[in-house]
Amino acid sequence: MDISATVTLNNQVKIPQLGLGVYKSLDGEETYNAVRWAIEAGYRLIDTAKAYKNEASVGRAIRDCGIPREKIFVTTKLWNGDMREDKQEEGFYESLKKLGVEYLDLYLIHWPVKEKYVESWKIMERLYKAGLIRAIGVCNFNPHHIDTLMETAEFTPVINQIELHPFLSQVEVSDYCSKRGIAVEAWSPLARGRLLDHPRLTSMAEDHKKTAAQIILRWHLQHGSVVIPKSTHKDRIISNIDVFDFALSESEMDSINALNQNTRFDQDPETFTC
Ligand code: NDP
């Protein structure tokens, strides 16, 4: 596994295994710089969303970076409000326009909005078949949401992007996804920094001469997940991708697995209010 590691999705599209998340990165210089630094450091996947209100800065950074568009994997997401108001297509075209791209690499349903996600999927399938999106997937879907989707779906989602970190290892959802050929992508992979002083992780970090953040990211990669740490700091952006020159042993992997407490730090797909 090296910096060019990819995961092959169920439609044969390859997604880089490590990318940059930009949730809470401010539109303008903050997001622009983060994306430019990330691409310079070797990132080729950027994960944004209409709801993050920074797609324009992501698009500008991608245009300015000197790497051809087709070498950068761009993900954005269909927002809940657009589903509730039946403005799925408008939402999609707004994202495309803000990003200033002609196609998306990956488009995701952001949350399983009840009564809306099944028809939203149909619309995304149409856009996919029209060649405007290379792959379509979901976020925050529990197995029952995917079961419902699959009753009428033409295409299986390629990926399920879920909250996933050592305190929330999501074994059940991951096993379900792997049986159906759905890749797992970890959001809040660093639990937003909350676990970085955990003694088990800092001790492993010392052993490997790495940081606790790098230990966690490596744990995700060795599980086969796609991982999208967010930072707006250049040094952290660089160090978060510097995780391909060491490996965790099986016992270290087990020891991190054992930290699971099924603790969420953000909304639950069964009760979300956004
Ligand atoms: P992360 O787990 O990636 O943590 C980000 C936080 O950790 C920031 O506060 C960042 O601070 C800090 N940080 C990052 N790297 C380091 C480091 N090396 N050392 C110390 N602190 C560090 O959380 P996110 O919630 O942002 O998740 C990642 C991405 O997942 C999002 O940006 C978004 O793209 C996606 N996401 C998707 C969701 C969905 O519903 N589909 C929901 C939430 C996130 P700083 O920026 O100051 O460096």
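Going letter by letter, the sequence shown gives residues 971 to 1244 in the working numbering. In this text, a Cβ means the ideal position worked out from N, Cα and C, and glycines have one as well. The structure presented is a predicted model; accordingly, all values stated were derived computationally and were not measured.
Measure the Cβ-Cβ separation of residue i and residue j and say whether it is below 8 Å.
i, j, result
"Gly-1029", "Gly-1070", "yes"
"Ile-973", "Gly-1012", "yes"
"Thr-978", "Gln-987", "no"
"Phe-1216", "His-1190", "no"
"Asn-1112", "His-1080", "no"
"Leu-1134", "Ile-1103", "no"
"Leu-944", "Gly-1107", "Residue 944 cannot be examined here, being either before or after the span of the chain that is shown, 971 to 1244."
Using a Cβ-based criterion (distance less than 7 Å to any ligand heavy atom), does residue i qualify as near the ligand NDP?
i, result
"Leu-979", "no"
"Ile-1198", "yes"
"Asp-1017", "yes"
"His-1203", "yes"
"Pro-1239", "no"
"His-1115", "no"
"Cys-1147", "no"
"Ser-1027", "no"
"Asp-1075", "no"
Spell out the partners DSSP gives residue i in its beta bridges.
i, result
"Trp-1157", "Glu-1133"
"Leu-1138", "His-1135"
"Pro-986", "Thr-976"
"Leu-1078", "Lys-1047 and Gly-1107"
From the DSSP output, in three-state form, read off residue i for me.
i, result
"Phe-1062", "helix"
"Cys-1109", "strand"
"Lys-1047", "strand"
"Lys-994", "coil"
Please name the residue in the options whose C-alpha comes closest to that of residue i.
i, options, result
"Tyr-1022", "Ile-1009, Thr-1045, Ala-1008 and Glu-1040", "Thr-1045"
"Tyr-1098", "Ala-1123, Asn-1110, Asp-1117 and His-1115", "Ala-1123"
"Ala-1153", "Ile-1185, Leu-1119, Glu-1176 and Val-1197", "Val-1197"
"Phe-1242", "Pro-1082, Thr-1202, His-1203 and Lys-1149", "Pro-1082"
"Glu-1055", "Arg-1096, Glu-1089, Asp-1034 and Ile-1037", "Glu-1089"
"Ile-1185", "Gly-1151, Ile-1226, Lys-1204 and Asp-1145", "Ile-1226"
"Glu-1220", "Arg-1188, Leu-1076 and Ser-1209", "Arg-1188"
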